[in-house]
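In the working numbering, the protein residues as written are 6 to 825.
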């Protein structure tokens, strides 16, 4: 059925495309593996997810040459030179991802990054990074704080996207993980599309190279199959065998880099054998072993006699071979002439017999004469075939003699003639041997010139387009064509339905018991600390109360202080304490009218910083310059309300506002920070052209003997009222104060609203006089002890006190940062 030459030609072409598309697939997978294409595209995908806007900001700080270099790196899918310090780079450096790679030492083709990361690994790693860089009692609080403070230094769109996923999850950690998982899987679906397009382009290029190297001209092959029935039948037989070959089918089914081993196993051996057979059938390839180049060998006097003797013997063999070939040609022509004559005579006999039967002619003389003629012709044909067979035997014998002569002359001359050379004597009586030798030209040039001739490039391009369709396409088409021809492949067995088995006898799982934790009452060193623990929340519910804390006086006695905003609030505090059961108020309790704690804002003194858009109304002190341990990047540290520069203090850095100094020079771009729990800080990444690149100005102003160092505040510091100092950028001098206490909570008025800041250092002028140490404009200034160690950063102040966050809380969160 449908066993026509046209169908067989299509089957033959399909077989050729299948075999060479398999070869192209194998080569493309090997090349993709060597170039780590999957791991590269995975890195590009993660960069798009986690590094939004990162390169654009960096590139505009560079000159034209660096922009050109970055463009080349992007074209070659190389990472940006700042990749390691980016969020995606830190993601890859996380232990849960880093050790998924195959090797750890860098080399030319080493896979330094994993080619596959499951959604579970992606989500768990990102959650771990948020937890590690967050604050709070549990994971939920740490994740929320890390997103709010942007401690991972996420870029604008990435931060907005992740925060929107968190908001949609309603703050639920499991729902947040599911949202991240969906985001990752959707990105990976698109990454698979990128990979397929890259492989499609790679297959097209490899297909063109294979077509030119193996001389796979689709147009020439189609013409050859159309006029050569024997070649068609041989390819059809191969097609039927390959369609039934399970090894080839498994190889095609495993046509993915995840199953490279399957492609390079038994299927590759089958492929080599089948390609070799197909090339023998169609005569494909450039056959450089049959190509020759002219060789000339000058015969010296020592060999001249032997060469002449050899030439005489070779000439006689050549003469005999030439005469025998002429005779064999005549015999072959006679055979070709006799065969149709015999067929014609047989048809005449058949016609004569049929005519005699129809007319009832009894005279068979004419028929007998035709039979005698046919018999004579067959005898003559048999004799000619016998003579032709003898001619063939003699030709083989002469060919053997010629090979012997060729071997003899190659032994004499040392040259590698591929054919019998001719003896030539020129006008100067110089004797030489001239004949064909091995092909010595440039093979690439030969292929290139012959590709342009006779429109072969069109056949090669057509072959490349066909090979780029892939082996699975051609294998499916081959099976359909073989079935259409009538020599179908055995159908695959249908899969049986899987029946789900359930056991109704299993008992229902018991609901877990709800365990209500018993509140833990801490152990207190004195009644004052217990008083603060019990009544602080109730007292701070009053709008006029801003802080409730314990402190030590000069005699070492522990006391409790309630800071209120105005004198009228003191009776309200006494009345509330009476409601709470404190009728006889202890002598160690006092209420202080300290005013409203406000963030220090509103002149532009030296070493001040602020948001470029609002520098005239909001500024603060340049705290210091930090460096990142993972790279060479530097950061400006100051208060969040200073660097943010507007009333959107709850917003994450939406547009990377520029941070400038008192002269309006660009210093950095804001990336991370916020006001949360124990922190009010902002981090801005320094530009390469920043006017301040170190902390030398601060070390000089404070006369620090060494570089900047820090230490945590301990309980003894508050008891002893240790001396602290900072550089006042407004007065341009060093200001000294003492540590009054460490307050667990202070309510501070910011430009947008009031906020509770925890674990705050409280400073005053000295231990006996309640006077403010700092003034507006000192926010961000670092506090140093008498041992030249930094311990805090000023964030606010009121009529009596200065408030500062602990540097230890900042460095506990940003362990990778240190003083530059």
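Even for Gly, the Cβ is constructed at its ideal location relative to N, Cα and C.
Legend entry - Check whether residue 782 and residue 735 have beta carbons under 8 Å apart: Along the chain shown, read from residue 1 onward, the residue named residue 782 stands at position 777. Along the chain shown, read from residue 1 onward, the residue named residue 735 stands at position 730. It is a contact, given that the beta carbons lie within the stated cut-off.
Inset, instruction - Just the C-alpha distance for residue 113 and residue 92, rounded to the nearest angstrom, thanks. - result: One-based indexing of the chain shown puts residue 113 at position 108. One-based indexing of the chain shown puts residue 92 at position 87. Any reading at residue 113 must be qualified, since the residue scores a pLDDT of 48, below 50, and its modelled position is unreliable; no value is offered.
Inset, instruction - Within the same chain, show all residues whose beta-carbon is closer than 6 Å to that of residue 120, passing over the 5 residues directly before and after it, in chain order. - result: Residue 120 sits at position 115 when you count from the first residue of the chain shown. So the qualifying residues of the chain are 43, 44.
Legend entry - Three-state secondary structure assigned by DSSP to residue 667: Translated into positions along the chain shown, residue 667 becomes position 662. Looking at residue 667 - three-state DSSP - the assignment turns out to be coil, as it is neither helix nor strand.
Inset, instruction - Spell out the partners DSSP gives residue 691 in its beta bridges. - result: Position 686 of the chain shown, counted from the first residue, corresponds to residue 691. When beta bridges are read from the DSSP output, residue 691 appears opposite 673.
Legend entry - DSSP-derived helix/strand/coil call for residue 198: Indexing the chain shown from 1 puts residue 198 at position 193. Helix at residue 198.
Inset, instruction - Whole angstroms is fine: what's the gap from residue 642's alpha carbon to residue 582's? - result: The sequence position of residue 642 within the chain shown is 637, counting from 1. The sequence position of residue 582 within the chain shown is 577, counting from 1. Going by the C-alpha atoms only, they are around 41 Å apart.
Inset, instruction - Give the range of the beta strand (DSSP E) segment to which residue 396 is assigned. - result: Walking along the chain shown from the start, residue 396 turns up at place 391. Element bounds for residue 396: not the beta strand (DSSP E) but the alpha helix (DSSP H), 370 to 418.
Legend entry - Pairwise C-alpha distance: residue 470 and residue 413: Sequence index remark: in the chain shown, residue 413 carries index 408 (1-based). Sequence index remark: in the chain shown, residue 470 carries index 465 (1-based). About 50 Å.
Inset, instruction - On the DSSP bridge assignment, give the partners of residue 769 in chain order. - result: Translated into positions along the chain shown, residue 769 becomes position 764. Bridge partners of residue 769: 743.
Legend entry - Alpha carbon of residue 242 to alpha carbon of residue 236, nearest angstrom: Position 237 of the chain shown, counted from the first residue, corresponds to residue 242. Position 231 of the chain shown, counted from the first residue, corresponds to residue 236. Cα-Cα distance, rounded: 10 Å.
Inset, instruction - Following the continuous alpha helix (DSSP H) through residue 461, name the residue where it begins and the one where it ends. - result: By one-based count along the chain shown, residue 461 stands at place 456. Run containing residue 461: 461 to 472, per the alpha helix (DSSP H) assignment.
Inset, instruction - Helix, strand or coil for residue 653, going by three-state DSSP, please let me know. - result: Working through the chain shown from its first residue, we reach residue 653 at position 648. Residue state for residue 653 is assigned as coil, using DSSP reduced to three classes.
Legend entry - Closest Cα partner of residue 793 within the set 779, 727, 765, 757: Counting from one through the chain shown, the residue named residue 793 turns up at place 788. Ranking 779, 727, 765, 757 by Cα distance to residue 793 puts 727 first.
Inset, instruction - Output the distance between the C-alpha atoms of residue 23 and residue 84, rounded to the nearest integer angstrom. - result: Position 18 of the chain shown holds residue 23. Position 79 of the chain shown holds residue 84. One C-alpha to the other measures close to 37 Å.
Legend entry - Spatial neighbours of residue 406 in its chain, beta-carbon cut-off 7 Å, leaving aside the 5 residues before and after: Locating residue 406 in the chain shown gives position 401, counting from the first residue. Within the same chain, residue 406 has close Cβ partners 322.
Inset, instruction - Label residue 505 either buried or exposed according to how many other C-beta atoms from any shown protein chain fall within 10 Å of its C-beta, with 16 as the threshold for buried. - result: Counting from 1 along the chain shown, the entry for residue 505 is found at position 500. In this prediction, residue 505 has a pLDDT of 40, which is less than 50 and means its spatial position is unreliable; what the coordinates show is noted afterwards. Residue 505 should be labelled exposed.
Legend entry - Sufficient close CB pairs (3 or more, under 8 Å) joining the stretch 748 to 768 to the stretch 548 to 556: Counting Cβ pairs under 8 Å, three or more are found: they touch.
Inset, instruction - Using three-state DSSP, classify residue 802 as helix, strand or coil. - result: Stepping through the chain shown from its first residue, residue 802 is reached at position 797. Strand at residue 802.
Legend entry - Continuous beta strand (DSSP E) stretch holding residue 441: start and end: As a working mapping, residue 441 is identified with position 436 in the chain shown. Its beta strand (DSSP E) spans residues 436 to 443.
Inset, instruction - Determine the DSSP secondary structure at residue 811, reduced to helix, strand or coil. - result: What you label residue 811 is simply residue 806 of the chain shown in a count that begins at 1. When secondary structure is reduced to three states using DSSP, residue 811 falls in the strand class.
Legend entry - CB of residue 797 within 8 Å of CB of residue 766, strictly: To locate residue 797, count along the chain shown from 1; it is residue 792. To locate residue 766, count along the chain shown from 1; it is residue 761. Judged by beta-carbon spacing, residue 766 lies within the 8 Å limit of residue 797, meaning their Cβ atoms are closer than that value.
Legend entry - Which of helix, strand or coil DSSP assigns to residue 789: Position 784 of the chain shown holds residue 789. Strand.
Inset, instruction - Compute the minimum distance between the beta carbon of residue 576 and the heavy atoms of the ligand ADP, and state whether it is under 7 Å. - result: The ligand ADP is absent from the structure shown, which contains no ligand whatsoever.
Inset, instruction - Check whether the Cβ atoms of residue 185 and residue 131 sit closer than 8 Å, and answer yes or no. - result: Translated into positions along the chain shown, residue 185 becomes position 180. Translated into positions along the chain shown, residue 131 becomes position 126. Pairing residue 185 with residue 131 gives a Cβ-Cβ distance under 8 Å.
Inset, instruction - On the DSSP bridge assignment, give the partners of residue 430 in chain order. - result: Here residue 430 is taken as the residue at index 425 of the chain shown, counted from 1. Answer is 436, bridged to residue 430.
Inset, instruction - May I ask you to report which of helix, strand or coil DSSP gives residue 152? - result: Counting from 1 along the chain shown, the entry for residue 152 is found at position 147. Assignment of residue 152 by DSSP, reduced to helix, strand and coil, places it in the helix class.
Legend entry - Sufficient close CB pairs (3 or more, under 8 Å) joining the stretch 583 to 599 to the stretch 620 to 640: No: fewer than three Cβ pairs fall under 8 Å.
Legend entry - Cβ contact (3+ pairs, closer than 8 Å) linking the stretch 24 to 32 and the stretch 204 to 217: Contact between the stretch 24 to 32 and the stretch 204 to 217 is present: three or more C-beta pairs spanning the two stretches fall below 8 Å.
Legend entry - Close beta carbons around residue 636, own chain, < 8 Å, minus the five adjacent residues each side: Counted from its first residue, the chain shown places residue 636 at position 631. Excluding sequence neighbours, residue 636 sits near 87, 89, 90.
Legend entry - Contacts around residue 57, its chain only, beta-carbon distance under 7 Å, and the 5 residues preceding and following it disregarded: Taking the first residue of the chain shown as position 1, residue 57 is located at position 52. If we look at residue 57 and ignore the five residues flanking it on each side, its Cβ neighbours are 160, 161, 162, 163.
Inset, instruction - Using alpha carbons as the reference points, say which of 375, 390, 617 lies closest to residue 332. - result: Position 327 of the chain shown, counted from the start, is the residue given in the question as residue 332. Among 375, 390, 617, the Cα nearest to that of residue 332 is on 390.
Legend entry - Reference residue 725, options 461, 560, 697, closest by Cα: Residue 725 sits at position 720 when you count from the first residue of the chain shown. The closest CA to that of residue 725, considering only 461, 560, 697, is found on 560.
Inset, instruction - Pull up the CB-CB distance for residue 788 and residue 729, whole angstroms please, since I reckon it's below 8 Å. - result: As a position in the chain shown, residue 788 is number 783, starting the count at 1. As a position in the chain shown, residue 729 is number 724, starting the count at 1. Contact between residue 788 and residue 729 holds: their C-beta atoms lie close to 5 Å from each other, under 8 Å.
Inset, instruction - Would you list the one or two residues that DSSP bridges to residue 633? - result: In the chain shown, counting from the first residue as 1, residue 633 sits at position 628. BP columns for residue 633 point to 822.
Inset, instruction - May I have the straight-line CA-CA distance separating residue 204 from residue 190, to the nearest angstrom? - result: Position 199 of the chain shown, counting from 1, holds the residue named residue 204. Position 185 of the chain shown, counting from 1, holds the residue named residue 190. Near 21 Å, if we compare the C-alpha coordinates of residue 190 and residue 204.
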